[in-house]
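First to last, the sequence lines map onto chains A and B.
This note's numbering applies: residue 1 is where the first sequence begins, and numbers increase by one.
This note's numbering applies: residue 98 is where the second sequence begins, and numbers increase by one.
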Amino acid sequence: MSPTVTFYKPYAIPATFFTLFTCYLLLAWGSGYYVLTLLWIKAASSAGMGAIFHFTRAEQLTFYQNLGFSAIRLYLFAAAFDFVIWLLFIIIAFQFL
Amino acid sequence: MTDVLEFDGIELSYGPNRVLFGTYMNCRVGEIVGVLGRNGSGKSSLFKVVFGSQSAQHRSIRLNGGPLPDDFIRQRLISYLPQGDLIPPHISVAKALALYRVDRAEVVHYFPEVAQQLTLKPHELSGGYRRIVELMMILKSPSKFCLLDEPFSGVMPVHVETIRTLLKVASADKGIILTDHLYRSVMSCAHRLYILANGTTYAVKDQSDLAFRGYLSSQHDS
Chain A
1 MSPTVTFYKP YAIPATFFTL FTCYLLLAWG SGYYVLTLLW IKAASSAGMG AIFHFTRAEQ
61 LTFYQNLGFS AIRLYLFAAA FDFVIWLLFI IIAFQFL
Chain B
98 MTDVLEFDGI ELSYGPNRVL FGTYMNCRVG EIVGVLGRNG SGKSSLFKVV FGSQSAQHRS
158 IRLNGGPLPD DFIRQRLISY LPQGDLIPPH ISVAKALALY RVDRAEVVHY FPEVAQQLTL
218 KPHELSGGYR RIVELMMILK SPSKFCLLDE PFSGVMPVHV ETIRTLLKVA SADKGIILTD
278 HLYRSVMSCA HRLYILANGT TYAVKDQSDL AFRGYLSSQH DS
């Protein structure tokens with residue numbers, strides 16, 4: 001497993017929770033009209049988790065920095081990976097509308 | 098050409114408290130440089146600023162006379178053993194060693210007692226063994242320079258001896274800057290010493306300088 005995936009791992013569960021929550025809202029609302037709202041909910045939750053990490057566990061970044069991964073690179077990877085997973089789940093949820 | 102890491106002009110303040118303001122230090126590949134200083138003198142902050150994990154009001158870090166490249170992290174020019182834990186709690190020691198490409202057999206060769214503990218999570222190891230594993234990870238990294246913040250912390254004397262040997266072996270192709278309160282161990286393996294006092298670094302010639310800067314009492318025996 002690569003260092004970037006290892007970095008993301010502790011946040012997989014809360015991130016998945018918010019992803020499933022937005023899927024639930026999409027199905028509950030029964031329309032794709034508010035998909036941008038769902039995207040903002042997901043983006044805000046990801047930013048919140050990132051901020052919590054940055055202000056409480058930033059010292060863990062040293063482990064990854066020693067491996068050649070800067071903090072920005074790790075955060076960007078985590079955000080992009082999280083977004084792709086969210087997009088896949090939302091596309092699947094759209095099939096049930 | 099031997100690579101040289103230099104830093105000076107580092108200015109760091111916490112509010113009105115000026116922690117660092119007159120530092121100069123250099124380290125060449127092939128040497129071990131020790132940094133001593135009283136608690137709170139800014140040794141750990143200095144290492145963090147150099148590694149980039151802490152911002153400072155001003156800093157000048159040079160590699161071979163030129164500015165340190167912006168992507169020095171990606172290039173793995175400097176590795177850093179922080180004073181606190183290096184391995185995140187969710188990663189097993191074995192996994193951490195694998196990510197850092199450290200051969201478990203080599204760790205066991207130097208520290209046989211650790212063999213049974215390599216599959217544990219870091220918080221399940223004793224502080225001394227955890228320190229040893231983390232130090233091995235840093236010393237075996239491909240970086241040219243290592244910053245070691247208290248590498249002997251919590252390590253029993255017999256292993257301190259082994260660590261000193263490891264540092265000397267690693268310094269053949271690395272520049273190592275270390276700080277620790279086990280000053281005799283630092284002095285015995287360092288080629289040069291600095292003391293950090295009142296926010297400034299001073300070259301140390303002998304133990305009397307340490308007493309003069311208030312690190313040792315003047316009656317301290319050698």
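Every residue, glycine too, gets a C-beta built ideally from N, C-alpha and C.
Length of the line joining the Cα atoms of residue i and residue j
i: glutamate 258 of chain B; j: valine 283 of chain B; result: 11 Å
i: alanine 294 of chain B; j: alanine 71 of chain A; result: 31 Å
i: alanine 93 of chain A; j: tyrosine 226 of chain B; result: 49 Å
i: phenylalanine 89 of chain A; j: threonine 62 of chain A; result: 32 Å
i: histidine 187 of chain B; j: alanine 79 of chain A; result: 20 Å
i: glutamate 108 of chain B; j: methionine 233 of chain B; result: 31 Å
i: alanine 15 of chain A; j: threonine 216 of chain B; result: 28 Å
i: arginine 159 of chain B; j: tryptophan 40 of chain A; result: 43 Å
i: leucine 117 of chain B; j: serine 240 of chain B; result: 26 Å
i: serine 319 of chain B; j: aspartate 303 of chain B; result: With a pLDDT of 49 at serine 319 of chain B, under the threshold of 50, the modelled position of that residue is not reliable, and the figure given next carries that caveat. Straight-line Cα distance between these residues: approximately 10 Å.
i: alanine 43 of chain A; j: glutamate 221 of chain B; result: 35 Å
i: valine 66 of chain B; j: arginine 73 of chain A; result: Summary: the structure shown does not reach residue 66 of chain B, with chain B confined to residues 98 through 319, and so no result is reported for it.
i: proline 166 of chain B; j: glycine 32 of chain A; result: 47 Å
i: arginine 281 of chain B; j: arginine 173 of chain B; result: 30 Å
i: glutamine 151 of chain B; j: glycine 68 of chain A; result: 17 Å
i: leucine 27 of chain A; j: glutamine 180 of chain B; result: 49 Å
i: alanine 269 of chain B; j: glutamate 128 of chain B; result: 8 Å
Three-state class that DSSP yields for residue i in the structure shown
i: leucine 61 of chain A; result: helix
i: phenylalanine 118 of chain B; result: coil
i: alanine 269 of chain B; result: coil
i: arginine 201 of chain B; result: helix
i: phenylalanine 242 of chain B; result: strand
i: arginine 227 of chain B; result: helix
i: valine 301 of chain B; result: strand
i: glycine 251 of chain B; result: coil
i: serine 2 of chain A; result: coil
i: arginine 310 of chain B; result: coil
i: serine 142 of chain B; result: helix
i: lysine 237 of chain B; result: coil
i: glutamine 172 of chain B; result: helix
i: valine 184 of chain B; result: The residue you asked about is not valine; residue 184 of chain B is isoleucine in the sequence shown. Looking at isoleucine 184 of chain B - three-state DSSP - the assignment turns out to be coil, as it is neither helix nor strand.
i: leucine 97 of chain A; result: coil
i: glycine 149 of chain B; result: coil
i: glycine 32 of chain A; result: helix
i: leucine 67 of chain A; result: coil
i: valine 257 of chain B; result: helix
Span of the beta strand (DSSP E), counted from its first residue to its last, around residue i
i: histidine 155 of chain B; result: 155 to 160
i: alanine 294 of chain B; result: 289 to 294
i: threonine 216 of chain B; result: Looking at the DSSP string, threonine 216 of chain B is not in any beta strand (DSSP E), and its letter there is neither H nor E.
i: leucine 133 of chain B; result: 129 to 134
i: leucine 178 of chain B; result: 175 to 178
First through last residue of the alpha helix (DSSP H) which encompasses residue i
i: phenylalanine 104 of chain B; result: That residue, phenylalanine 104 of chain B, is in no alpha helix (DSSP H); its beta strand (DSSP E) goes 101 to 111.
i: tyrosine 280 of chain B; result: 280 to 286
i: aspartate 82 of chain A; result: 71 to 94
i: isoleucine 13 of chain A; result: 12 to 29
i: phenylalanine 208 of chain B; result: Careful: phenylalanine 208 of chain B lies outside any alpha helix (DSSP H) and carries neither H nor E.
i: histidine 54 of chain A; result: 35 to 56
i: leucine 196 of chain B; result: 190 to 196
Bridge partners - residue i, DSSP secondary structure assignment
i: leucine 163 of chain B; result: Per the sequence shown, the amino acid found at residue 163 of chain B is glycine instead of leucine. DSSP output for glycine 163 of chain B lists B:Leu160 as bridge partner(s).
i: leucine 275 of chain B; result: B:Gly131 and B:Leu245
i: asparagine 123 of chain B; result: B:Glu103
Supposed contact pair residue j and residue i - C-beta distance, whole angstroms, cut 8 Å
i: glutamate 231 of chain B; j: isoleucine 184 of chain B; result: 6 Å
i: phenylalanine 242 of chain B; j: isoleucine 175 of chain B; result: 5 Å
i: valine 252 of chain B; j: proline 219 of chain B; result: In fact, because the Cβ distance is near 15 Å, the residues do not count as touching under 8 Å.
i: leucine 133 of chain B; j: threonine 276 of chain B; result: 7 Å
i: glycine 272 of chain B; j: cysteine 124 of chain B; result: 4 Å
i: methionine 49 of chain A; j: tyrosine 11 of chain A; result: 6 Å
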